[in-house]
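A.B. asks: Note that the protein sequences, when read in sequence, are chains A and B.
For what it's worth, the numbering used here labels the leading residue of the first sequence as 1, then goes sequentially.
For what it's worth, the numbering used here labels the leading residue of the second sequence as 1001, then goes sequentially.
Starting off with a structure, shown below.
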Amino acid sequence: KAGVTQTPRYLIKTRGQQVTLSCSPISGHRSVSWYQQTPGQGLQFLFEYFSETQRNKGNFPGRFSGRQFSNSRSEMNVSTLELGDSALYLCASSLGQFEAFFGQGTRLTVV
Amino acid sequence: AQTVTQSQPEMSVQEAETVTLSCTYDTSENNYYLFWYKQPPSRQMILVIRQEAYKQQNATENRFSVNFQKAAKSFSLKISDSQLGDTAMYFCALYGNKLVFGAGTILRVKS
C-alpha cells in the first residue's frame, strides 16, 4: 500500500510569488491535514479536509488556503510569499479522526 | 483549546538502557487520542504509539510503552533497550478536534 505522497519535495520561490503544494493520501483515506514545521514555531496545524470540505482551520493568515478533490488528493496554496513562510510543509492522511500518517514533506525556501 | 507540553528539549541515553520522555496536555474534549511520533533526520514523521483516552490500559508497542495518567493529564513514553536507530526528535500529540503537537524532545542514543 503506497504511503502519503507529497510533491514537490523541494521548492525555492521568491518573495511575493505564490506556490501550490500537492498531497496524495493513502488509498481509502478521506481526511487530509496540513502542518507547517519551522525551528522557531515547531509543528503548527494549518487545516484539515474531509470529503472535499474544510473541517478545521489553524491560525494562519488568509494567504494560506487549501482544497481537496473528489479523489481525496489535496493541494495547499500560499500566495504573496514571505520569507517567514520558509518551512517544511507536512501533509497527513487518516482513515478516521485519528492516527495520522505523514508524507515526507515539501521543503519550501523563500528568498 | 488544546495544548501539549514537552518539558525536555533534549535527552541522551546509552544504548540498551531505558529512557522516559515526558508529556503533559490539556483539552476540554471528553473523547480524545494521544500519540507519540518520531521524526528522524530524514524528517519523515513516524507514528510510534497511540492511546485512546477512554482506555485505562497503557498502550505498548514492542520496546515502546506509555504511562497514561488521565487525571494528571500526563502521557509519558518509555523506550526500553534503546537502539541507535531510536535517535530522533519525538513529538507528543493530542487529537481532540485537531492534531496538536508538543515542541518535541531530541533523543540521542549513544553507543
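The C-beta atom is built at its ideal place from N, Cα and C for all residues, glycine as well.
Anything in the stretch 1039-1070 of chain B with a Cβ closer than 7 Å to a Cβ of chain A? List those residues in chain order, please.
C.D. replies: ARG1043, GLN1044, MET1045, LEU1047 and ARG1050
A.B. asks: Would you please verify whether the beta carbon of ASN56 (chain A) is less than 8 Å from any beta carbon of chain B?
C.D. replies: yes
A.B. asks: Between the Cα of PHE1068 (chain B) and the Cα atoms of B:TYR1033, B:GLN1083 and B:LYS1038, which residue gives the shortest distance?
C.D. replies: B:TYR1033
A.B. asks: So, for ASN77 (chain A): in the same chain, excluding its five sequence neighbours on each side, which residues have a beta-carbon less than 6 Å away from its beta-carbon?
C.D. replies: THR20 and SER65
A.B. asks: Which one of B:GLN1008, B:THR1003, B:SER1007 and B:GLN1014 has the shortest CA to CA distance from GLN1083 (chain B)?
C.D. replies: B:GLN1014
A.B. asks: Residues of the stretch 1098-1110 of chain B in Cβ contact with chain A at a cutoff of 7 Å, in chain order, please.
C.D. replies: LYS1098, LEU1099, VAL1100, PHE1101, ALA1103 and GLY1104
A.B. asks: Determine the closest residue to ASN59 (chain A) out of A:TYR49, A:THR80, A:TYR35 and A:GLY40, with distance taken between C-alpha atoms.
C.D. replies: A:TYR35
A.B. asks: Can you round the beta-carbon distance between GLN68 (chain A) and TYR89 (chain A) to whole angstroms, since I take them to be within the 8 Å contact cut?
C.D. replies: No, GLN68 (chain A) and TYR89 (chain A) are not in contact; Cβ-Cβ is about 16 Å, not under 8 Å.
A.B. asks: List the residues of chain B whose Cβ lies closer than 7 Å to the Cβ of GLU48 (chain A), in chain order.
C.D. replies: Chain-ordered, the chain B residues with CB closer than 7 Å to the CB of GLU48 (chain A) read LYS1098.
A.B. asks: Bridge partners for ILE26 (chain A) per DSSP, in chain order?
C.D. replies: In the DSSP output, where bridge partners are listed per residue, ILE26 (chain A) has none listed.
A.B. asks: Any beta carbon of chain A sitting closer than 8 Å to that of PHE1091 (chain B)?
C.D. replies: yes
A.B. asks: State yes or no: is the C-beta of ARG9 (chain A) nearer than 7 Å to some heavy atom of the ligand COA?
C.D. replies: With respect to the ligand COA, the structure offers nothing, as it holds no ligand at all.
A.B. asks: If we ignore side chains and look at the alpha-carbon of each, how far apart do GLN54 (chain A) and VAL111 (chain A) end up?
C.D. replies: 30 Å
A.B. asks: Residues of the stretch 21-54 of chain A in Cβ contact with chain B at a cutoff of 7 Å, in chain order, please.
C.D. replies: Going along the stretch 21-54 of chain A in chain order, one finds SER33, GLY42, LEU43, PHE45 and GLU48 with a Cβ nearer than 7 Å to chain B.
A.B. asks: Does DSSP classify LEU95 (chain A) as helix, strand or coil?
C.D. replies: DSSP places LEU95 (chain A) in coil when its eight states are reduced to three.
A.B. asks: What residues are listed by DSSP as bridge partners for ASP1026 (chain B)?
C.D. replies: B:THR1003, per the DSSP bridge assignment.
A.B. asks: In terms of DSSP beta bridges, what is ALA87 (chain A) paired with?
C.D. replies: A:LEU108
A.B. asks: Pick from B:THR1003, B:MET1011 and B:ALA1001: whose alpha carbon is nearest that of TYR1090 (chain B)?
C.D. replies: B:MET1011
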